[in-house]
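Let me begin by presenting the structure, written as structure tokens, before commenting on it.
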Amino acid sequence: MKKTLNINIGNSIILIEEDAYEMLTGYLNEIKFHFSKNADHFEIVTDIENRIAEMFREMLLQQQKQVISIDDVQLVIAQMGSVKDFENADEAEGGIYEETISGVKKLYRDTDDAYIAGVCSGLGHYANIEAKWFRLMFLVSFFFAGSGIVVYLIMWILIPRAATRSQRMYMKGEAVNLHGFIRNFEEELAGNQLISRSRGFFVELAEAAGRIVRTLGKTFFKVVAWLIIILGSCFFLAMLVGMAVFLGFSDANPNEYFPLNIVNDAYLSSMVFAFFVALAIPIIALVLFAIRVAFNSRAINRTVSFGLLVVWLGGVMLSIFYITKVASEFKEEAEFSQVRELKKYDAYTLTLDRSRFFSRADSVKYQINSDKYRGKVILNDMDDPYNLPRNVRLNIEKSENGLVTLTQNNSSHGKTFEAALSHAQNIHYDFSQQDSLLNFSPFLQLNRNTKWRDQEVTLTLKVPVGVKLILNEEMDLFSYSFDYWSCEDHGAPKAWVMTEEGLKCTKP
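Position one of the sequence shown corresponds to residue 1 (full-length UniProt numbering), numbered consecutively onward.
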């Protein structure tokens with residue numbers, strides 16, 4: 001195992017192997033000797049060391065390792081160029097060396113050529129367009145609801161400032177090597193790139209404001225990142241618990257409840273897991289991104305990120321497959337009707353009756369002996385999984401033949417017409433008449449383990465002209481043929497009378 005050393009280069013602590021350190025030291029000594037005759041050699045060498053430290057940090061991060069090896073140093077020297085190559089190029093071309101390979105451009109704010117924050121100058125360098133055109137564009141956009149100001153402030157916060165020489169070289173697309181550093185330094189001294197003029201009070205004030213805005217912006221993003229980490233983690237844990245319940249790791253049986261009672265039991269677990277993957281991985285990715293913003297470090301490497309992407313795509317495709325499979329269960333629709341004639345009275349009272357007889361299914365549900373409760377009545381079961389108030393509708397119409405009738409229309413969907421008709425026929429709805437009292441159940445009932453296929457019951461009550469109807473407040477949930485609240489007797493049962501034009505409000 002090779003001996004390693006801790007070195008400080010470019011204000012960064014780097015762990016490096018001993019032979020790599022010796023090669024790096026020799027390379028830096030050559031650079032220092034070459035620029036020793038330059039009055040500003042210290043600044044040039046410092047910038048070069050900062051660039052080398054930046055390259056080392058990128059290598060350690062990309063390769064997910066802790067130690068710089070001799071191969072890494074050789075790669076840095078190859079990219080930066082050796083002093084001998086630089087000297088030979090100067091001698092061969094009379095001291096003028098043109099770089100044939102252009103550097104990679106990156107977007108930074110150029111505060112050296114700035115009127116406010118250097119956003120326009122940075123955009124100009126990046127797009128090879130004079131900065132004045134971007135300044136003119138933002139100035140014109142100021143007159144369109146001030147949109148340019150908002151965009152400028154956002155870019156001010158998000159685009160970093162070109163603080164180091166290597167960042168300024170990246171901003172201009174210059175090759176970041178030995179020749180690039182010396183050429184950039186000479187150009188700055190000559191005043192070709194840096195504006196050495198004394199800047200006014202407004203520019204200095206804008207830079208100070210920029211530092212404040214960036215600090216506040218970073219603080220805001222870190223606070224938001226922490227909120228995302230906390231809320232995202234809680235939501236992910238809640239999804240884990242929910243999936244455990246759905247997959248049967250508890251005594252609860254959520255499969256009976258809407259909307260889980262839509263899915264066939266054969267693939268319910270697989271569908272729940274696919275949905276969990278499709279929803280959970282984006283939450284994990286958002287939390288990991290928030291961790292990166294909060295701590296300025298990558299939480300996982302690219303291999304794990306790619307693996308999560310593959311798993312997420314698989315979950316999305318499975319979810320789409322199961323959604324299509326469930327949708328096919330609603331392909332056809334069927335319905336049938338039955339009419340019953342009611343005893344005729346001059347007035348009727350319509351109420352909701354939530355009671356029903358105790359059944360064998362109830363004994364299984366509540367885990368009690370059915371023999372002891374046979375013939376008993378359940379007055380109100382709000383926990384019924386099929387208690388869907390919008391699947392029962394009541395219409396009240398004028399009778400054309402003088403009879404009082406109630407038409408019950410059952411409808412349902414299915415994969416085939418026969419399946420849809422079977423679902424409709426298996427609907428059980430409770431209605432009873434006690435003299436002039438008409439009791440309507442607020443919900444329909446399905447056989448145990450019957451899947452929801454949009455089963456509905458539409459009731460049509462037909463009464464002759466002159467018949468009075470008294471409705472309590474709950475009937476408003478199921479009445480669609482008239483406006484219940486248009487009657488003036490607020491807080492009391494509403495009284496209506498059938499006329500030639502339909503129901504009209506009256507006094508009870």
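Cβ coordinates follow ideal geometry from the N, Cα and C atoms, glycine included. Since the structure is predicted, the reported quantities are computational estimates derived from the model, not experimental observations.
In this structure, Thr46 is the residue among Ser411, Gln62, Glu30, Thr46 with its C-alpha nearest to the C-alpha of Asn8. Between Ile291 and Ala225, the C-beta gap is smaller than 9 Å, which places the two residues in contact. Here Gln455 is buried. Its C-beta has 16 or more other C-beta atoms within 10 Å. Boundaries of the alpha helix (DSSP H) harbouring Glu22: 18-34, taken from the DSSP string. Within the segment 402-444, the runs of alpha helix (DSSP H) that reach at least 4 residues and sit entirely inside it are, in chain order, 417-425. Take the alpha-carbon of Ala420 and the one of Asn395: they are about 24 Å apart.
Judged by their CB atoms, Gly217 and Arg161 are not nearer to each other than the 9 Å cut-off. By the Cβ test, the segment 333-348 is in contact with the segment 398-416, since at least three Cβ pairs between them sit closer than 8 Å. Between the beta-carbon of Ser441 and that of Ala424 there is about 17 Å, and that puts the pair past the 8 Å contact cut.
Taken atom to atom, the span from the alpha-carbon of Met498 to that of Leu461 is near 11 Å. For Cys505, the secondary structure class from DSSP, reduced to helix, strand or coil, is strand. Put simply, the segment 331-338 does not touch the segment 282-289. Fewer than three CB pairs are less than 8 Å apart. Excluding the 5 residues flanking it on each side, Arg57 has same chain C-beta neighbours closer than 7 Å at Ser12, in chain order. Of all alpha-carbon atoms in Lys65, Ser422, Gln434, Gln433, the one lying nearest the alpha-carbon of Leu446 is that of Ser422. For the set Ser399, Thr416, Ile157, Arg393, the Cα lying nearest the Cα of Gln408 is the one of Arg393. Secondary structure of Tyr348 (DSSP, three-state): strand. In the DSSP assignment, Gln62 falls within the unbroken alpha helix (DSSP H) covering 41-63.
Residue pairing for Asn8: DSSP places it in a beta bridge opposite Ile13. In this structure, Leu318 sits away from Ile281, with a CB-CB distance that is not shorter than 9 Å.
When secondary structure is reduced to three states using DSSP, Ala225 falls in the helix class. Lys462: member of the beta strand (DSSP E) spanning 456-463, first to last residue. Ranked by Cα distance from Thr25, the first of Asn296, Lys37, Leu5 is Leu5. Taking the CA atoms as reference points, Ala294 sits about 51 Å from Arg448. Spatial neighbours of Lys222 in its own chain (CB-CB distance under 6 Å, excluding positions within 5 residues in sequence) are listed in chain order as Ala294. Take the alpha-carbon of Val463 and the one of Ala347: they are about 10 Å apart. The beta carbon of His41 sits closer than 8 Å to those of Lys32, Phe35, all from its chain and outside the five residues before and after it, given in chain order.
The alpha-carbon separation between Glu418 and Val326 amounts to approximately 17 Å.
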